[in-house]
Every structure is written in C-alpha cells, then in structure tokens.
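K.L.:
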Amino acid sequence: MKGGVEVEILERMRKVIVDKLSVEQQRIVPTASFKGDLGADSLDLVELVMGLEEEFSISIPEADMDKISNVQDALDYVSAKLA
C-alpha cells in the first residue's frame, strides 16, 4: 500500500494526532517520536490509539501498542491493518 492511499492515511492520522496530542500539524513527520518529539505521555498514547481505532475502524490490541512509537510505525501499522 503505497502512494496516494498511504498519503491519505497519513493525512487522516495527522488530524487524529493533532486532536489527541494538541501539536501543530507541521511537527507530525514520519520520524517524529510520539513521546520524545511530540510530548505524549502514556495516557496520551492510549487516547491516540483509541482515536486511530475510531478513525480507521480497526482494532489495535494493547500488546501492539509497544510497536507504535513514532508516526511511521503508526502509518505502517494502520496501512497493514487496512490492507
């Protein structure tokens, strides 16, 4: 899943991240770490995951939350779930 679809997923993810983490959209780049770069704490990450689940109608098990530490991880994870 590359190209236009991935760009669309990233744009939808950016809206969720802005809403849940209250960060500026331009700070949301693929290499941005949720904790280190975007200032998220554990509760923020739970809310972010819940927001992604709702936005994309997917389920992200708690065990998989550790796999999502930056924007690219989240993009790859959501893209794989939607494939």
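Everything in the sequence shown is counted per the numbering used here, starting at -6 for the first residue and increasing by one. In this text, a Cβ means the ideal position worked out from N, Cα and C, and glycines have one as well. It should be emphasised that the depicted structure is a prediction, and the values quoted were computed from it without experimental measurement.
Can you name, in chain order, every residue of its own chain whose Cβ lies under 7 Å from the Cβ of Asp69, other than the five neighbours on each side?
P.N.:
Taken in chain order, the list of residues that qualify is empty.
K.L.:
I need the DSSP call for Ser26, collapsed to helix, strand or coil.
P.N.:
Ser26: strand per DSSP, three-state reduction.
K.L.:
Using a Cβ-Cβ cut-off of 6 Å (strictly less than) and excluding sequence neighbours within five positions of Ile10, which residues of its own chain qualify?
P.N.:
Excluding sequence neighbours, Ile10 sits near Ile21.
K.L.:
Are the CB atoms of Leu3 and Leu31 nearer to each other than 8 Å?
P.N.:
Not a contact, by the Cβ cut-off of 8 Å.
K.L.:
Restricting to runs no shorter than 4 residues, where is the alpha helix (DSSP H) found entirely within the region -3 to 63?
P.N.:
DSSP runs (the alpha helix (DSSP H)) wholly in the region -3 to 63: -3 to 14, 35 to 49.
K.L.:
Do you know whose CA, among Val39, Glu48, Glu47, lies nearest Asp57's CA?
P.N.:
The candidate whose alpha carbon is nearest that of Asp57 is Val39.
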